[in-house]
Amino acid sequence: MNRKDKAFLKRISAELKRDAESIVLPDSLSTESIAELIKNNAGAVSPDEIYTAAAPDKGFKVLATPARKVLATAAVFVLIVASALVYRNLDRPVLGPEQSSEAGAQESGADTGNSETDIHASGGQTDGNKGDSDKKDPENKQGESAAEKYQIKVDGVKTASSYDEIENKIKKAYKKANSPGLFTNFFGLFATKNAVSDEGAPGNIAEESRSLGSTPGFGKTNEQVEGVSEADIIKNDGRYLYIFSNKGVQIVDTQDNSLKKTALIKLNDLIKANTSGESGSVYSYSKAFNDGYYGSDVRELYVLNNRLAAITSIYEPDYRENNSSTGKSVTKVTVFDISDKAAPKELLSYSQDGYYVSSRIYNGRLSLVTEYGIAYYGNDALLEETAVPKTDVNGASGRIAPDSILIPEDASTTNYLVVGLIDKLEKGSKIDTKAVLGGAANIYSSGDNLLAARSIYSNEIAANIFNFGTTSMTTNSGKSEILAFSLKDGKVSLTARGLVDGTLLNQFSMDESNGYYRIATTDSKGNNVFVLDKELNVKGSVTGFAPGEQIKSVRFMGNTAYVVTFVQTDPLFVIDMSDPAKPVIRGELKIPGFSQYLHPIGNNLIIGIGRGGTETGVNNDAKISLFDVSDPTTPREIDAVSLKYSYIDTNHKAFLSVPERNMYVIPLRRALINGDVYYRDIPGLTAFSVENRKIVIKDTYTFEETGSMIRGTYIGNVIFAIDPYYGVWAVNMDSKELIDNVIFN
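Written out as structure tokens, the structure reads:
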């Protein structure tokens, strides 16, 4: 455990101890009663079972380990504290239903807030004093700033007038959120930091790739919305492979069926010195990052024509409190000119506070979404420095201007959702940044419109039953806040704010069609699909179906929603949404296992990728299903293939289409079993096709040199297996022969 984690856990322990001392528990929550509960449930969990963590936006799971004593101790700890919070009627303020229904938008034009940065002219934003930040646009006779003048009005949301106003609002939110203690924030921490998961449809990313004329077919990132590019750890332009490794971006030339390392764009060189002190070890960093950053994680990248945009996350500690937990995460976009693949040149560096949520490119504009947590802890001096997220453009940094910060009247969180929009991937680009008190776990973009969703945790989080007889103990959010933004004309504008019941699974839980947004959620009563207008008012819904089950995958396709839920068997629901005011369930299919990703392939056929199972639950097999949905009242699984002791990467970006061969490729990790004894995993790629309404396994490529899950892409008749941390293998799809490989040092 590193120093930062220890400090974080120490702070949580202190908060919980303080709360425990001030809470008087009823008899039902006495230690004797809890002990009896543990005794009655002692046999519910096998000591040999090990369960994996749930998706972060679904709450948090306590992992079962072979040591039953550990499970029991953790269970008692969670149950006592959560029950105590219920007993004290914990209530973190959330949006009321009346505010959700009234949240409207009046389109009054694009936003030209003061956070806009003309990099070419000014070199970036500057942070003036508080007095300067309150200056108004001299051309606006009504006294409004430029940002206020063009910001679309949203009920219940105001533009900040000064940094003092922001700080006072944060203090009030902090007091409300922390009056029962830190435990609610502990849940929220796991709920919002989504690994992305962030998860799609066959996409067309022609705008991302160089026009290569007669170049043979090549692999493209599988994306949710056609024309809206998504970042990935691998990009392919028909000749060069761009691979995000732990050292930076590897550029590999594939010309003449040979692999050649062309360049390495270093992004996160980290050297540990042989010195240490009260603040821990001393590090030095590459010039790609400012001095003082604690470390970095490579995230994803884009390739657009001859431009490469790399996204990295950095943790910047603050040791003034002798506590690294008061630091912050920073997300950075670095744009390179890759006209000369052997000598990339940096054009633009932009960063904004907050950990990385997701990003998109549409019409050449890159939108970056982060969540920034305010370091406060009741320290007013610290708050003054951390109350407002900062941006940095080519080394010029400063706080986001007050008139580019939006404050919901009922805000009860000390997090920000930060949206940055880079107008073009060029040196002279303009950048617009807005921040809203709130947060985000998932985003969806249909182009110029962007939705951001976050879970809101209230007293409902502790009211869930902790069932020791299931594979986990889970808490679910009661509500989800939805924020809608316009990204037109290079400006970020909040257009609407609303609330729905339940928690979203991932980005596929959101969709836009014919002027309406569609949202799928899970709550304590069951599962829901909502139809929202542009003001995020609910116009129609189907609620409470499949009670006791959770959504495992969603696909919105035209006027139909396909929703997979699971508890023991896999119900596939077909929901008719042709009338936005009256969506209705047309059909339902129950089969063993469940699909975690749904991929439409035409002719009313859908491929499902997920886990196999029996009538009593899932097993250790991967499963590929083929669904016929031509009759919405009677969806059918017309074929299925189980892959014994295997795991398929269900990240939608890992699903590769090879249309020239009517073939699909998925990463698969197969466990080798000797009798009943597991002894290792073999990573590989499995290629399959759909022929005469049957799933046909074509080839399986395995690579024992690496133990990691690998990714696949292709150029012409060559398939490339890529381990971003190890190397690349090139295999001829016709002869099945290994052509070449390259290893990253």
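Following my numbering, the numbering of the sequence shown begins with 369 at its first residue and continues without gaps. By construction, the Cβ of each residue, glycine as well, lies at the ideal position given by its N, Cα and C atoms.
Coarse secondary structure for residue i, derived from DSSP in three states
{"i": "Glu739", "result": "strand"}
{"i": "Asp938", "result": "strand"}
{"i": "Asn1100", "result": "strand"}
{"i": "Ser654", "result": "Residue confidence for Ser654 is low, a pLDDT of 36 falling below 50, so the modelled location carries little weight and cannot support an answer."}
{"i": "Pro1051", "result": "strand"}
{"i": "Tyr1013", "result": "coil"}
{"i": "Ser892", "result": "coil"}
{"i": "Phe1023", "result": "coil"}
{"i": "Glu1072", "result": "coil"}
{"i": "Asn810", "result": "strand"}
{"i": "Lys795", "result": "coil"}
{"i": "Pro1035", "result": "strand"}
{"i": "Arg1115", "result": "Any question about residue 1115 goes unanswered here, given that the chain covers just 369 to 1113."}
{"i": "Asn536", "result": "helix"}
{"i": "Gln875", "result": "helix"}
{"i": "Tyr683", "result": "strand"}
{"i": "Lys543", "result": "helix"}
{"i": "Pro776", "result": "strand"}
{"i": "Lys901", "result": "In the sequence as presented, Lys is not what sits at residue 901; that position holds Asp. Reduced to three states, the DSSP call for Asp901 is coil."}
{"i": "Gly492", "result": "Any reading at Gly492 must be qualified, since the residue scores a pLDDT of 37, below 50, and its modelled position is unreliable; no value is offered."}
With 16 other Cβ atoms within 10 Å as the buried cut-off, status of residue i
{"i": "Ser848", "result": "buried"}
{"i": "Thr1115", "result": "An answer regarding residue 1115 cannot be provided, because it is not within the stretch 369 to 1113 covered by the chain."}
{"i": "Asp947", "result": "exposed"}
{"i": "Gly980", "result": "buried"}
{"i": "Ile959", "result": "buried"}
{"i": "Val617", "result": "buried"}
{"i": "Ser1103", "result": "exposed"}
{"i": "Arg886", "result": "buried"}
{"i": "Ala1022", "result": "buried"}
{"i": "Ser707", "result": "exposed"}
{"i": "Ser998", "result": "exposed"}
{"i": "Lys859", "result": "buried"}
{"i": "Val1086", "result": "buried"}
{"i": "Pro1027", "result": "exposed"}
{"i": "Glu777", "result": "exposed"}
{"i": "Lys634", "result": "exposed"}
{"i": "Leu1053", "result": "buried"}
{"i": "Trp1097", "result": "buried"}
Beta-bridge partners of residue i, as assigned by DSSP
{"i": "Ile919", "result": "Thr933"}
{"i": "Asn971", "result": "DSSP, once it has assigned bridges, lists no residue as partnering Asn971."}
{"i": "Tyr744", "result": "Answer is none; Tyr744 lacks a bridge partner."}
{"i": "Tyr784", "result": "Tyr740 and Leu805"}
{"i": "Leu635", "result": "For Leu635, which the question treats as bridged, DSSP gives no partner whatsoever."}
{"i": "Ser765", "result": "Asp760"}
{"i": "Asn604", "result": "Leu609"}
{"i": "Glu668", "result": "Ile679"}
Assumed close pair residue i, residue j - CB separation to whole angstroms, cut-off 8 Å
{"i": "Ile1083", "j": "Phe586", "result": "4 Å"}
{"i": "Val1115", "j": "Ser963", "result": "Residue numbering for the chain in the displayed model covers 369 to 1113; residue 1115 lies beyond these limits and cannot be assessed."}
{"i": "Ala990", "j": "Leu1011", "result": "4 Å"}
{"i": "Tyr1013", "j": "Ile1034", "result": "Contact doesn't hold; Cβ gap of about 16 Å is too wide."}
{"i": "Gly919", "j": "Leu973", "result": "For clarity, residue 919 is Ile in the given sequence; the question names Gly instead. Actually they are not in contact, since the Cβ atoms of Ile919 and Leu973 sit about 22 Å apart, beyond 8 Å."}
{"i": "Asp721", "j": "Pro757", "result": "4 Å"}
{"i": "Ser717", "j": "Asn762", "result": "5 Å"}
{"i": "Ile790", "j": "Leu734", "result": "4 Å"}
{"i": "Ala631", "j": "Ala743", "result": "The pair is not a contact, with the Cβ atoms about 38 Å apart (cut-off 8 Å)."}
{"i": "Leu862", "j": "Lys537", "result": "About 16 Å; that fails the 8 Å criterion."}
Extent of the continuous alpha helix (DSSP H) run through residue i
{"i": "Asp748", "result": "Asp748 to Thr754"}
Range of the contiguous beta strand (DSSP E) that encloses residue i
{"i": "Val1110", "result": "Leu1106 to Ile1111"}
{"i": "Leu716", "result": "Lys713 to Asp721"}
{"i": "Leu1061", "result": "Correcting the residue identity first, residue 1061 is Arg in this sequence and not Leu. Careful: Arg1061 lies outside any beta strand (DSSP E) and carries neither H nor E."}
{"i": "Glu849", "result": "Lys847 to Ser854"}
{"i": "Arg1079", "result": "Arg1079 to Ile1083"}
{"i": "Glu1117", "result": "The requested residue 1117 is not part of the displayed model; the chain covers only 369 to 1113."}
{"i": "Met878", "result": "Met878 to Ser881"}
{"i": "Tyr608", "result": "Tyr608 to Ser613"}
{"i": "Gln618", "result": "Gly616 to Asp621"}
{"i": "Pro1003", "result": "That residue, Pro1003, is in no beta strand (DSSP E); it is neither H nor E in DSSP."}
{"i": "Phe1088", "result": "Val1086 to Asp1091"}
{"i": "Phe586", "result": "Element bounds for Phe586: n/a, residue is neither H nor E."}
{"i": "Asp869", "result": "Ser861 to Asp869"}
Interface flag, residue i vs chain B, CB-CB below 7 Å
{"i": "Phe1071", "result": "Judged by its chain identifiers, the structure shown contains no chain B, having just a single protein chain."}
Check: residue i C-beta below 6 Å from any heavy atom of the ligand NAP
{"i": "Ser717", "result": "Inclusion of the ligand NAP in the displayed structure is not the case, the ligand content being empty and no account of it being possible."}
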